[in-house]
Amino acid sequence: MTRPTPNTDPLVAFREAVSVPDSDLDLLVAALLLSGAERGQPVRVAEYIRKFERLVAPMAHEVRHSSDPMEALSILNRRLFDELGFQGNVDAYYDPANSYMDAVIDSRLGIPITLSIVYMEAAKRAGLNVVGIAMPGHFMVRLETLGRGIMVDPFHAGKILDPPQFEKYFASYGMPDSIREKILTGATARSILVRMLRNLRAAYLRDERFERALGACDRILIVDPSQDADLRDRGVLYCRLGQYYLALKDLSQYLKRRPNAADYDLISDIVKALRLEVQSGSR
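So the sequence shown is numbered by my numbering: it starts at 720 and just counts up by one.
Here it is in structure tokens:
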């Protein structure tokens, strides 16, 4: 398993962790470092990895001695939800702490995506192949076994969805087959980190913490610089915070990248206004 090089600067440590190829990106390590980068204080990553592995070790041993996939899921669910008490934080769903992996491991409370990370990482240590499924508005996991996938909802105590239930969930969004198939291929570690940061940005915006939301945008673009919509959103936040030169830079770059964007005309008008503002400010 990848271990990060110790670094006292949490943002530098996070940047280093996500600068590797996708095949080498350790999700749990990166998610822990993300917590430190968000709060501006180092997280004791190695200590939390050891703590997590101690928590799941009894379950991992038991699962490895089971030949029945459904029994393995039952063991995993019992350990994580009944014995350890991991659960969805329904009382404070929008608390940013639900997206900080060290806090999730300590409190056993989280949102769908962080509880799914707990589930995937626990399953991996038990030798199970579990992938993240990034649904619209929700996040679940799928156990790959016997040539089929078993859908599990970690936010709801490991509830297993049978195929009709899952199809009904998908149908409620009316999405094209191409999008559906893309979702079902499974989420990469990089895309999961991006989604975590978008959740954090939404939580900060909900509380009008615009500087923190801007920081989340910065980190999204560190994880994946190709995210054009987040480049645009960062530009809008710069504008909101009166940093017009930086807003102009981001939004101009967005227009170059997305000449056919649905909001091209709107962003173009904002860019024109920003140019005037920057020019008048430099006189």
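All residues carry an ideal CB built from backbone N, CA and C; glycine is no exception. Computed from a prediction, not measured in an experiment: that's the story for all the values here.
In the DSSP output, what is Lys878 paired with across the bridge?
Its beta-bridge partners are Asp872.
According to the neighbour-count rule (16 or more other Cβ atoms, all chains shown, within 10 Å of its Cβ), is Met820 buried or exposed?
Buried, since its Cβ has 16 or more Cβ neighbours within 10 Å.
Using the three-state DSSP reduction, which class does Glu863 fall into: helix, strand or coil?
In the structure shown, Glu863 sits in a strand (DSSP, three-state: E or B).
Taking the alpha carbon of Leu847 as the point to measure from, which residue in Lys887, Gly829 and Met789 has its own alpha carbon closest?
Residue Met789 is the option with its Cα nearest to Leu847.
Out of Tyr983, Ile836 and Val748, which has the shortest C-alpha to C-alpha gap to Tyr767?
Of the listed residues, the one whose Cα sits closest to Tyr767 is Val748.
Check whether the Cβ atoms of Ile824 and Val837 lie closer than 9 Å to each other.
Yes, the pair counts as a contact, with Cβ atoms nearer than the cut-off.
Please state whether the Cβ-Cβ distance between Leu799 and Met778 is less than 9 Å.
Yes. Within cutoff.
Met720 to Leu834, Cα distance in whole Å?
Summary for Met720: the model assigns pLDDT 47, below 50, so the residue's position carries little reliability; its value from the coordinates is reported in the next sentence. Distance between the alpha carbons of Met720 and Leu834 is about 20 Å.
Decide if Asp982 is buried, meaning its Cβ has at least 16 other Cβ atoms within 10 Å, or exposed.
Asp982 should be labelled exposed.
When we look at the beta-carbon of Pro873 and count the other beta-carbons within 10 Å, is it buried (16 or more) or exposed?
By the 10 Å Cβ count, Pro873 comes out buried.
Any idea what DSSP makes of His780, helix, strand or coil?
If DSSP states are grouped into helix, strand and coil, His780 belongs with the helices.
Please list the terminal residues of the continuous alpha helix (DSSP H) segment that includes Val990.
Residues Tyr983 to Gly1000.
Could you name the residues of the same chain whose beta carbon sits closer than 7 Å to that of Tyr973, not counting the 5 residues immediately before and after it, in chain order?
So the qualifying residues of the chain are Asp947, Leu950, Arg951, Gly954 and Ile986.
Work out the CA separation of Leu912 and Ala765 for me, nearest whole Å.
Between Ala765 and Leu912, the C-alpha separation is close to 19 Å.
Is Val764 helix, strand or coil by DSSP?
In this structure, Val764 counts as helix in the three-state DSSP scheme.
Which word fits Arg783, buried or exposed, when buried means at least 16 other C-beta atoms lie within 10 angstroms of its C-beta?
So Arg783 ends up on the exposed side.
Check Val739 in the structure and name its three-state DSSP category.
Coil, per DSSP.
Report the rounded CA-to-CA distance for Asn918 versus Asp926, giving the unit in angstroms.
Whole-angstrom Cα-Cα distance: 13 Å.
Kindly give me the distance between the Cβ atoms of Phe858 and Arg827, rounded to whole angstroms, as I take these residues to be in contact under 8 Å.
Not really, about 17 Å apart at Cβ, beyond 8 Å.
Met854 lies in the beta strand (DSSP E); which residues open and close that run?
Val849 to Met854 is the extent of the beta strand (DSSP E) around Met854.
Can Asp741 and Arg909 be called in contact, C-beta distance under 9 Å?
For Asp741 and Arg909, yes; Cβs fall inside 9 Å.
Hey, Gly905 and Arg861: beta-carbon distance below 9 Å or not?
A contact, by the Cβ cut-off of 9 Å.
Within 8 Å: the Cβ of Met870 and any heavy atom of the ligand MN?
By its list of ligands, the structure shown contains no ligand whatsoever, and the ligand MN lies outside what it can speak to.
What residues in its chain sit with their C-beta under 6 Å from that of Tyr892, if we drop five residues either side in the sequence?
Correct list, in chain order: Pro855.
What's the call for Pro895, buried or exposed, on a 16-neighbour Cβ count within 10 Å?
When all chains shown are included, Pro895 counts as exposed.
Does the separation of the CB atoms of Leu916 and Val942 fall below 9 Å?
Their beta carbons are under 9 Å apart, which means Leu916 touches Val942 by this criterion.
Comparing alpha-carbon positions, which option in His875, Val849 and Tyr923 lies nearest Ile869?
If we check each option's Cα against that of Ile869, Val849 comes out closest.
From the DSSP output, which residues share a beta bridge with Gln806?
Its beta-bridge partners are Leu828.
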